[in-house]
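Asker:
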Amino acid sequence: MATAPIKKACDACHRRKVRCSGGQPCRTCGQTNLECTYLAIPQKKGPKGNRSKILSQIRNSQKKKQPHLPQTSPSESTPQQSPSQELKPSLGFSSPSPTVPSPGSPNTALLSKQTIENCVDFYFSNMSTTTSILNRHHLIDMIDSRLPTDTEFYCLAGSLCAFVMVQPGMNLAVAPGCHYEGEPPENRYGYANMLLNDVLRARKSIDYVEFPTLSAVQTSFFLFSCYFTLEQQNICWFHLREAATLAQLMSMHEESSYLVGDPVESMYKRRMYWLLLVTERAYAMERHRPLSLHPTIGIPSANEPHEEERMSGFLCLINLFRCIDDEFMALWNKVKTECSDTWLSQLQRQVADSVPRGLKTTESQMADVRVTLHWLRIMIWQLSITNGYLSSTSAHSCMTFKYPIEVTRDLIQDISTLTLDAMEVHGVGLIEKLFDIACTLTDVISCVPLMPSEISNSSNETPFEYLNKLLTLISQLRGGASRYFPLLLVKVSETLPSLPPVVPVDLDPMQMSIKQGYAGASDHIPTPEPTQLRGIKFPRPSQQSPPP
1 MATAPIKKAC DACHRRKVRC SGGQPCRTCG QTNLECTYLA IPQKKGPKGN RSKILSQIRN
61 SQKKKQPHLP QTSPSESTPQ QSPSQELKPS LGFSSPSPTV PSPGSPNTAL LSKQTIENCV
121 DFYFSNMSTT TSILNRHHLI DMIDSRLPTD TEFYCLAGSL CAFVMVQPGM NLAVAPGCHY
181 EGEPPENRYG YANMLLNDVL RARKSIDYVE FPTLSAVQTS FFLFSCYFTL EQQNICWFHL
241 REAATLAQLM SMHEESSYLV GDPVESMYKR RMYWLLLVTE RAYAMERHRP LSLHPTIGIP
301 SANEPHEEER MSGFLCLINL FRCIDDEFMA LWNKVKTECS DTWLSQLQRQ VADSVPRGLK
361 TTESQMADVR VTLHWLRIMI WQLSITNGYL SSTSAHSCMT FKYPIEVTRD LIQDISTLTL
421 DAMEVHGVGL IEKLFDIACT LTDVISCVPL MPSEISNSSN ETPFEYLNKL LTLISQLRGG
481 ASRYFPLLLV KVSETLPSLP PVVPVDLDPM QMSIKQGYAG ASDHIPTPEP TQLRGIKFPR
541 PSQQSPPP
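All letters in the sequence shown, in the order written, are residues 1 to 548 by the UniProt record's numbering.
1. Would you give the residue range spanned by the alpha helix (DSSP H) that residue 161 belongs to?
2. Could you tell me how far apart the beta carbons of residue 351 and residue 402 are, in whole angstroms, since I believe they sit closer than 8 Å?
3. On the three-state DSSP scale, how would you describe residue 296?
4. Looking at the structure shown, is residue 492 part of a helix, part of a strand, or coil, going by DSSP?
5. Three or more beta-carbon pairs under 8 Å between the segment 376 to 396 and the segment 128 to 148, yes or no?
6. Use the C-beta contact count for residue 106: other C-beta atoms within 10 angstroms, 16 or more gives buried, fewer gives exposed.
7. Measure how close the beta-carbons of residue 155 and residue 196 come, nearest whole angstrom, since I'm counting them as under 8 Å.
8. Using the Cα positions of residue 469 and residue 412, report the straight-line distance between them to the nearest angstrom.
9. Do you know offhand how far residue 336's Cα is from residue 388's?
10. If you draw a straight line from the alpha carbon of residue 109 to that of residue 198, how long is it in whole angstroms?
11. Do you know how far the Cα of residue 321 is from the Cα of residue 278?
12. So residue 273 is in the alpha helix (DSSP H); what residue range does that whole segment cover?
13. My guess is that residue 293 and residue 276 are in contact by the Cβ rule of under 8 Å, so how many angstroms apart are they, rounded?
14. May I have the straight-line CA-CA distance separating residue 273 from residue 129, to the nearest angstrom?
15. Tell whether a beta-carbon distance below 7 Å holds between residue 116 and residue 157.
16. Helix, strand or coil: how does DSSP classify residue 355 here?
17. So, is residue 269 buried or exposed, given that buried needs 16 or more other C-beta atoms within 10 angstroms?
18. Spell out a yes or no on whether the segment 309 to 327 and the segment 364 to 375 are touching, meaning 3 or more CB-CB pairs, one atom from each, closer than 8 Å.
19. Pick helix, strand or coil for residue 253, following the three-state DSSP scheme.
20. Does residue 436 have its Cβ less than 7 Å from a Cβ in chain C?
21. Could you give the first and the last residue of the continuous alpha helix (DSSP H) run that contains residue 211?
22. If you drop the 5 nearest sequence neighbours on each side, which residues of the same chain put their C-beta closer than 8 Å to that of residue 13?
23. Out of 228, 151, 168 and 230, which one is the CA nearest neighbour of residue 205?
24. Give me, in chain order, the residues of the same chain whose beta-carbon lies closer than 6 Å to that of residue 123; leave out the 5 immediate sequence neighbours on both sides.
25. Which residue from 250, 345, 333 and 287 puts its Cα closest to that of residue 390?
26. Quick test of the definition: if touching needs 3 or more C-beta pairs under 8 Å, does the segment 482 to 490 touch the segment 433 to 443?
27. Can you say whether residue 256 is buried or exposed, counting buried as having 16 or more other CB atoms within 10 angstroms of its CB?
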């Protein structure tokens with residue numbers, strides 16, 4: 001005869017805080033092969049523990065009392081991996097340990113020493129802008145000593161490796177003894193996503209908000225960088241703001257905070273703060289976001305002679321984005337609607353003067369600085385046309401309708417000697433800037449009357465040729481895999497169905513459809529399917545004849 005159901009929870013269900021069906025054994029104990037008892041005396045309620053840990057504790061306790069209990073089958077004793085923890089065979093990765101790591105513990109089966117060393121080598125060889133915030137030798141030294149036990153370092157190393165894995169040209173190295181070259185991007189991206197998920201898992205065990213550290217700020221920055229490349233805009237903005245907030249909690253925006261503590265750490269904190277400021281302002285312009293960081297501390301400097309060349313480019317970026325202040329962003333975000341043409345022309349000069357013509361820096365830094373310089377010139381010009389200050393007769397070229405043609409010419413001259421690799425390492429951020437410039441140039445060609453010499457000349461230095469070169473460059477970066485290349489093709493085909501465009505007799509400034517920050521403004525636009533782009537050709541200027 002079956003035992004009548006008991007209305008209170010059994011000891012195991014009560015301790016695990018799960019619903020008990022009653023009976024002896026109850027349904028839950030029967031499924032998990034636990035001894036079902038009702039011996040515990042009710043205690044006062046307290047905080048809930050981790051159920052998986054409690055289940056293990058119950059099993060261990062019962063095994064000590066009753067070692068004769070039958071062993072569970074492998075299917076019952078081996079936890080099942082979630083999809084985010086599985087390493088799919090199609091990716092060519094070695095399978096990690098079948099044991100799911102406990103919450104907060106580093107998963108060294110996913111992130112091996114060899115993986116970190118390969119990523120660190122690529123990072124310091126190619127990522128000139130961000131390498132100033134980390135010390136290479138310090139990272140390598142900590143792999144053996146801290147990776148297996150230090151969750152905070154594991155999160156930093158994992159986020160750094162994920163950031164490197166989404167960069168073009170990175171060879172794939174995962175798990176001990178495995179090294180892959182020339183893997184398709186989805187393989188590296190798949191591994192990067194697994195690292196990101198595991199970093200977020202492990203990070204939950206660290207109270208990095210109440211006790212923020214420089215490593216926590218750096219981890220949040222690399223999480224932003226990864227999700228930005230993966231074009232998950234809400235998540236990447238969250239982590240960028242998280243990094244900025246942690247920096248402020250550490251008083252990194254106050255000069256007095258750098259007068260105490262370890263001088264070396266203070267140096268890296270200063271660099272980290274300025275990198276966050278530059279990054280936030282670039283992103284805020286593309287997506288019309290507010291600013292939270294301001295230039296309230298001294299600028300960083302090189303610590304070693306070999307750093308001077310790289311730091312010179314970083315300092316140029318700092319000078320450029322110091323021009324983009326709260327007043328500019330208030331106008332850009334349409335919080336403020338009034339400014340003067342004098343202020344706008346002065347801002348153009350200030351931006352132009354931020355980068356010396358004889359700048360000496362690394363090639364990749366040069367690419368970043370030059371593209372950013374001309375992108376900012378275009379953005380300020382967009383603000384000028386929005387406020388109605390452009391004129392065909394202005395004495396300042398930056399206040400004329402044809403200024404984007406001049407800017408694009410300068411850009412193409414500046415990057416003509418740079419290799420594709422030097423631009424590739426800046427990823428989607430640099431492509432976005434080129435996309436903005438190309439879209440603005442397309443609108444100008446469509447709306448602004450051009451002289452016959454500007455439409456066709458023997459040197460091919462025409463606005464159409466400039467646009468063609470930008471389109472070609474964007475098609476080459478990341479193998480044309482970014483969404484910006486097909487979007488630009490669609491815009492050119494719709495705005496300039498035939499080249500040259502029909503020149504209007506009188507220019508109406510209201511006809512010009514200039515969107516501030518094309519890349520951010522087009523986030524909601526789906527990338528066109530390849531079939532939609534068939535037959536779209538960008539005619540060369542030599543195929544055109546000047547209008548009558």
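From the three backbone atoms N, C-alpha and C, an ideal C-beta is built for every residue, glycine too.
Answerer: With the structure as the only source:
1. Its alpha helix (DSSP H) spans residues 151 to 165.
2. With a Cβ gap of about 18 Å, residue 351 and residue 402 do not count as contacting.
3. coil
4. helix
5. No, because fewer than three Cβ pairs between the segment 376 to 396 and the segment 128 to 148 fall closer than 8 Å, the two stretches do not touch.
6. buried
7. About 11 Å; that fails the 8 Å criterion.
8. 8 Å
9. Roughly 15 Å separates the two Cα atoms.
10. CA-CA distance, residue 109 to residue 198, rounds to 11 Å.
11. Roughly 6 Å between the two C-alpha positions.
12. 263 to 287
13. 6 Å
14. 13 Å
15. yes
16. coil
17. buried
18. yes
19. coil
20. No chain C appears in this structure, which consists of one protein chain only.
21. No alpha helix (DSSP H) holds residue 211; DSSP gives it neither H nor E.
22. 19, 20, 26, 28 and 29
23. 151
24. 164
25. 345
26. yes
27. It is exposed - the Cβ of residue 256 has fewer than 16 other Cβ atoms within 10 Å.
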